[in-house]
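Peer 1:
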Amino acid sequence: MEHNDTGSRVQRHVNVVLAGGRAPDADEIQGQLGMITERSYHVWYCPDTEDAVDFILLKNVDIDIMLLDLTSLNTHYPKRKFLQTKRNVRDIPIIVFTDREDHNLARFVMAEGAAENISQWQIRSDPDRLESVIESCLARDNIFKKEQQKNIADLKAMETKAGPDLENAPYENVNIIKSGFQRNFDETGSTTRWESEGGTF
3 MEHNDTGSRV QRHVNVVLAG GRAPDADEIQ GQLGMITERS YHVWYCPDTE
53 DAVDFILLKN VDIDIMLLDL TSLNTHYPKR KFLQTKRNVR DIPIIVFTDR
103 EDHNLARFVM AEGAAENISQ WQIRSDPDRL ESVIESCLAR DNIFKKEQQK
153 NIADLKAMET KAGPDLENAP YENVNIIKSG FQRNFDETGS TTRWESEGGT
203 F
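Count along the sequence shown from 1, add 2, and you get the number used in the working numbering.
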């Protein structure tokens with residue numbers, strides 16, 4: 003980590019997983035990222051969402067952003083596919099690729115918790131757009147996690163103060179989600195393909 007002019011910590015390396023699409027798409031995305039910021043990116047490619055979820059859960063890599071390409075997945079139920087994926091990777095922001103004219107699906111994924119929605123046409127017409135979107139998602143996710151940490155600290159202080167009477171404390175209905183924040187990033191710049199069957203990456 004380094005610090006910017008305001009003293010905030012700046013994450014230097016970002017791990018991205020592309021679920022769906024083709025390996026050349028991942029290579030193209032890899033080449034686009036890191037052009038407008040000083041971060042380094044590593045794009046991991048998984049052919050479908052099941053492989054991506056297995057990769058995230060089983061491999062020792064902390065993924066910061068998932069790119070979910072619903073335009074390429076062989077499914078008649080893209081909404082269900084998104085909900086299943088979202089449920090399995092709750093702590094990772096998901097940027098969803100949809101067709102340019104599929105406004106219904108775009109509205110659905112945003113309403114159900116996607117970090118952002120973008121079309122392949124937008125990415126190809128403006129190569130810097132995807133990185134800008136990722137930067138915005140990372141910033142929002144960082145704010146959210148800071149709020150989580152603050153809530154956890156407040157809860158611990160409340161526990162100390164309330165003691166055995168914690169059940170009657172005013173925050174008894176607050177749902178606190180605890181997350182790990184240690185990051186171990188791969189600094190290489192090439193796209194990595196991973197599939198659950200065969201275990202290669």
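Even glycine gets a Cβ: it sits at the ideal position worked out from N, Cα and C.
1. Determine whether the beta carbon atoms of leucine 72 and valine 45 lie at a separation below 8 Å.
2. In chain order, what residues of the same chain lie with their CB nearer than 6 Å to the CB of proline 95, ignoring the 5 residues before and after it?
3. Give every residue of the same chain whose Cβ lies closer than 8 Å to the Cβ of glutamine 86, excluding the five residues on either side of it in the sequence, and list them in chain order.
4. Which first and last residues belong to the alpha helix (DSSP H) in which histidine 105 is found?
5. If I follow the unbroken alpha helix (DSSP H) through serine 127, where does it start and stop?
6. Please determine, among Asn90, Lys148, His15 and Met112, the residue with the shortest C-alpha to C-alpha distance to leucine 60.
7. Let me know the secondary structure DSSP gives aspartate 27 once reduced to three states.
8. Closest to valine 55 by C-alpha separation, out of Tyr43, Arg41, Ser42 and Leu70, would be which residue?
9. For alanine 21, report the span of its beta strand (DSSP E) as first-last.
10. By the DSSP assignment, the alpha helix (DSSP H) with leucine 60 in it spans what residues?
11. If you count every other CB in all the chains shown that lies within 10 Å of the CB of threonine 100, and 16 or more means buried, which is it?
12. Across which residues does DSSP place serine 42 in a beta bridge pair?
13. Skipping 5 residues on each side, what residues in its chain have a beta carbon closer than 8 Å to that of proline 129?
14. Tell me the residue span of the beta strand (DSSP E) that contains threonine 100.
15. Find the nearest neighbour of serine 134 within the set Glu40, Pro26, Leu20 and Asp29, judged by alpha-carbon distance.
16. Do you know offhand how far isoleucine 179's Cα is from glutamine 150's?
17. For proline 26, does the count of other Cβ atoms within 10 angstroms reach 16, so buried, or fall short, so exposed?
Peer 2: Answer, in terms of the structure:
1. no
2. Ile67, Ala117, Cys139 and Asp143
3. Thr51
4. According to the DSSP assignment, histidine 105 belongs to the alpha helix (DSSP H) that extends over 105-113.
5. 122-127
6. Asn90
7. helix
8. Leu70
9. Note, alanine 21: beta strand (DSSP E), 15-21.
10. Taken as a continuous stretch (DSSP letters only), the alpha helix (DSSP H) holding leucine 60 covers 51-60.
11. The Cβ neighbour count for threonine 100, taken over all protein chains shown within 10 Å, is at least 16; the residue is labelled buried.
12. His15
13. Gln34 and Met37
14. 96-100
15. Glu40
16. Because isoleucine 179 sits at a pLDDT of 32, beneath the cut-off of 50, its placement in the model cannot be relied upon, and the following sentence gives the value as read from the coordinates. C-alpha separation (whole angstroms): 7 Å.
17. exposed
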